[in-house]
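Student: For the sequence shown, our numbering gives the first residue as 2, with consecutive numbering after it.
From the three backbone atoms N, C-alpha and C, an ideal C-beta is built for every residue, glycine too.
Below is a structure I'd like to ask you about.
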Amino acid sequence: MTSLRYNERRRYSAAQIRMIQLVVGSEATGAWDEGCVECVTRWQQAKSLSADGKVGPATYAEVLAAALAEDKLPAITKVGAWAGRQAMAAPAAAVDFCQRHGIDRLDVVVNDHSHARAPRDFDLLNRQRITALCEAARLADIEVHLMSWVMPHATYIRQAGELLLPLLAETGARSLQWDAEEPWTKAEAPMPYPEAAALIAEVFAERECQMGVNGIGFTPSESFGPLAEVCDYLVPQCYATATNGSRPDQIVSTCVSRWRKEFPSEKPLAIGLAAFRQEGIEGFSPQQAMQASLLDVRAHGFDTVIYWSLRQLIESEDAQTVVSNIRPHAPPHCARIS
């Protein structure tokens with residue numbers, strides 16, 4: 002196998018390839034070519050690595066270390082947070098907090114069906130509060146996205162269309178994002194999952210925005226995969242916390258590697274990160290844990306992160322310090338709101 006073909010088969014993102022090219026001195030096009038392979042070979046020689054032009058795990062680790070030292074890692078340009086009842090109860094305060102801490106995307110949680118397993122009706126939280134929060138965010142130039150729970154039941158899906166399509170239009174949401182956790186993956190009497198996903202695609206075919214889906218890092222592919230197929234983007238929940246045993250410096254790589262293999266590899270990813278239970282992760286302070294996950298995000302070239310949740314950010318000084326300094330031109334960190 003040629004070095005060029007080897008590198009292409011590694012499935013590095015365009016942002017990762019640009020990072021590699023910047024480090025090795027090649028033109029930063031974001032695509033592999035023979036000139037880039039030659040630059041890799043010369044760089045490997047200078048680093049006393051196996052000079053074969055192939056960017057395997059060992060070479061990539063050296064490139065990543067150099068990119069970090071030389072500040073050549075891709076930047077995170079969009080910082081979001083899932084926001085629910087607390088933000089709806091005080092939209093002005095929530096938006097002010099976002100502005101002061103560099104949060105420029107709100108994923109507004111429009112219902113709470115987290116404990117549902119049996120078939121049930123689809124409903125929303127207080128519609129007026131949802132729209133008020135969305136309007137306040139839009140006026141502050143904060144992107145608005147709507148997040149809803151989802152279940153694989155025909156009546157539920159059709160009712161979702163009746164309520165969500167008008168709400169998407171009214172709020173000007175950039176996307177509708179499904180939360181496909183256990184109400185989807187462990188539902189009682191589910192439709193066949195490919196049929197449920199196809200019905201969602203049909204019911205929401207007239208939407209004027211993108212449709213995404215989030216799920217836990219190790220979500221079952223049999224139930225999640227069909228929904229991923231009909232969505233425009235995916236959000237793996239790359240949560241490393243004091244209680245789940247995941248390493249913050251590895252969790253993004255672990256989840257992304259699995260999702261790229263199990264689900265459509267061409268779909269864009271936004272990365273879900275945890276702002277909760279960061280105290281007590283072995284070997285990391287809370288700020289170090291969050292920063293380690295962000296470094297992993299940048300190493301993969303992803304430009305969008307979404308935190309669970311806005312409430313957790315408001316309650317944590319450590320989280321605020323980290324989040325306030327993610328985006329290149331974000332405002333400096335200041336004290337949290339009361």
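1. Take Ala-190 as the anchor and find which of Glu-39, Ala-155, Ala-66 has the nearest alpha-carbon.
2. Just verifying my parser: in three-state terms, what is the DSSP assignment at Asn-326?
3. Can you tell me whether Lys-55 is buried or exposed? The criterion is at least 16 other CB atoms within 10 Å of its CB, across all chains shown.
4. Can you tell me which of the three DSSP states Ala-300 falls into?
5. Give me, in chain order, the residues of the same chain whose beta-carbon lies closer than 7 angstroms to that of Gln-1; leave out the 5 immediate sequence neighbours on both sides.
6. Return the first residue and the last residue of the alpha helix (DSSP H) that Asp-97 is part of.
7. At which residue ranges does the stretch 184-247 contain complete beta strand (DSSP E) runs of 3 or more residues, listed in the order of the chain?
8. If you drop the 5 nearest sequence neighbours on each side, which residues of the same chain put their C-beta closer than 6 angstroms to that of Ile-143?
9. Can you give me the Cβ contacts of His-116 inside the same chain, cut-off strictly under 6 angstroms, excluding the 5 residues immediately before and after it?
10. In its own chain, which residues sit with a C-beta less than 6 angstroms from the C-beta of Pro-342, not counting the 5 before and 5 after it?
11. Whole angstroms are fine: how far does the CA of Ile-77 sit from the CA of Glu-316?
12. Starting from Ile-307, trace the beta strand (DSSP E) in both directions and tell me its first and last residue.
13. Output the distance between the C-alpha atoms of Ala-351 and Arg-248, rounded to the nearest integer angstrom.
14. For Gly-213 versus Gln-238, is the C-beta distance shorter than 7 angstroms?
15. Excluding five sequence neighbours on each side, which residues of the same chain lie with their C-beta closer than 6 angstroms to the C-beta of Gly-8?
16. Might you give, ordered along the chain, the residues of its own chain that have their beta carbon closer than 6 angstroms to the beta carbon of Gly-302, omitting 5 neighbours on each side?
17. Any idea what DSSP makes of Arg-106, helix, strand or coil?
18. Would you call the CB atoms of Met-152 and Val-110 closer than 7 angstroms?
19. Taking just the CA atoms, how far does Ala-138 sit from Val-64?
20. Assuming contact is defined by CB atoms lying nearer than 7 angstroms, are Val-236 and Ala-271 in contact in what I supplied?
21. Check whether the Cβ of Ile-252 lies closer than 6 angstroms to any heavy atom of the ligand MN, and answer yes or no.
22. CA-CA distance, Pro-58 and Val-306?
23. Judging by CA-CA distance, which residue of Ala-243, Ile-201, Arg-43 is the nearest neighbour of Tyr-157?
24. Report the option in Leu-169, Ala-119, Arg-118, Asp-113 whose CA atom is closest to the CA atom of Glu-136.
25. Would DSSP call Ile-272 helix, strand or coil?
26. From Val-96 to Ala-90, what distance separates their C-alpha atoms?
27. The beta strand (DSSP E) spanning Gly-81 covers which residue range?
28. Just verifying my parser: in three-state terms, what is the DSSP assignment at Trp-260?
29. Can you find the residues in the same chain that come closer than 7 angstroms, C-beta to C-beta, to Gln-288, ignoring five residues on each side of it along the sequence?
30. Measure how close the beta-carbons of Cys-210 and Arg-261 come, nearest whole angstrom, since I'm counting them as under 8 angstroms.
Tutor: Reading it off the structure:
1. Counting from 1 along the sequence shown, the entry for residue 190 is found at position 189. For Ala-190, the nearest C-alpha among the options comes from Ala-155.
2. Locating residue 326 in the sequence shown gives position 325, where the first residue counts as 1. Coil, per DSSP.
3. Reading the sequence shown from its first residue, position 54 is the one you call residue 55. By the neighbour-count definition (other C-beta atoms within 10 Å, threshold 16), Lys-55 is a buried residue.
4. The residue given as residue 300 occupies position 299 in the sequence shown. Ala-300 falls in the helix class under three-state DSSP.
5. The structure shown has nothing for residue 1, since the chain only spans 2 to 339.
6. On the sequence shown, position 96 is the one that residue 97 refers to. Residues 92-101.
7. 211-217, 234-238
8. On the sequence shown, position 142 is the one that residue 143 refers to. Correct list, in chain order: Cys-99, Asp-105, Leu-107.
9. The residue you call residue 116 lines up with position 115 of the sequence shown. Correct list: empty, nothing qualifies.
10. Residue 342 is absent from the model: the chain starts at 2 and stops at 339.
11. Sequence index remark: in the sequence shown, residue 316 carries index 315 (1-based). Sequence index remark: in the sequence shown, residue 77 carries index 76 (1-based). When rounded, the distance between both Cα atoms is 23 angstroms.
12. Indexing the sequence shown from 1 puts residue 307 at position 306. Run containing Ile-307: 305-309, per the beta strand (DSSP E) assignment.
13. As displayed, the chain neither begins before 2 nor continues past 339, which places residue 351 out of reach and without an answer.
14. The sequence position of residue 213 within the sequence shown is 212, counting from 1. The sequence position of residue 238 within the sequence shown is 237, counting from 1. Cβ atoms of Gly-213 and Gln-238: not closer than 7 angstroms.
15. Locating residue 8 in the sequence shown gives position 7, where the first residue counts as 1. Here residue 8 turns out to be Asn, not Gly, going by the sequence shown. Answer for Asn-8: Trp-33, Val-56, listed in chain order.
16. Within the sequence shown, residue 302 is the residue found at index 301, counting from 1. If we look at Gly-302 and ignore the five residues flanking it on each side, its Cβ neighbours are Ser-14, Ala-16, Gln-17, Pro-75.
17. For the purposes of this step, residue 106 is taken as residue 105 along the sequence shown, with counting starting at 1. Three-state result, Arg-106: strand.
18. Here the question's residue 152 lines up with position 151 in the sequence shown. Here the question's residue 110 lines up with position 109 in the sequence shown. No. Outside cutoff.
19. On the sequence shown, position 63 is the one that residue 64 refers to. On the sequence shown, position 137 is the one that residue 138 refers to. So the alpha carbons of these two residues sit roughly 39 angstroms apart.
20. Your numbering for residue 236 matches position 235 in the sequence shown. Your numbering for residue 271 matches position 270 in the sequence shown. Yes. Within cutoff.
21. Among the components of this structure there are no ligands whatsoever, and the ligand MN is therefore not found.
22. Residue numbering aside, residue 58 sits at position 57 when the sequence shown is read from its first letter. Residue numbering aside, residue 306 sits at position 305 when the sequence shown is read from its first letter. Between Pro-58 and Val-306, the C-alpha separation is close to 25 angstroms.
23. Residue 157 sits at position 156 when you count from the first residue of the sequence shown. For Tyr-157, the nearest C-alpha among the options comes from Ile-201.
24. By one-based count along the sequence shown, residue 136 stands at place 135. Nearest to Glu-136 by alpha-carbon distance, out of Leu-169, Ala-119, Arg-118, Asp-113, is Leu-169.
25. By one-based count along the sequence shown, residue 272 stands at place 271. Ile-272: strand per DSSP, three-state reduction.
26. On the sequence shown, residue 96 is found 95 positions in, with the first residue counted as 1. On the sequence shown, residue 90 is found 89 positions in, with the first residue counted as 1. Approximately 12 angstroms, taken between the alpha carbons.
27. Residue mapping note: residue 81 aligns to position 80 of the sequence shown, counting from 1. Start and end: 79-84.
28. The residue given as residue 260 occupies position 259 in the sequence shown. In this structure, Trp-260 counts as helix in the three-state DSSP scheme.
29. Here residue 288 refers to the residue found at position 287 of the sequence shown. Excluding sequence neighbours, Gln-288 sits near Asp-319, Thr-322, Val-323.
30. Here residue 210 is taken as the residue at index 209 of the sequence shown, counted from 1. Here residue 261 is taken as the residue at index 260 of the sequence shown, counted from 1. The distance from the Cβ of Cys-210 to that of Arg-261 is about 25 angstroms, inconsistent with a contact at the 8 angstroms cut-off.
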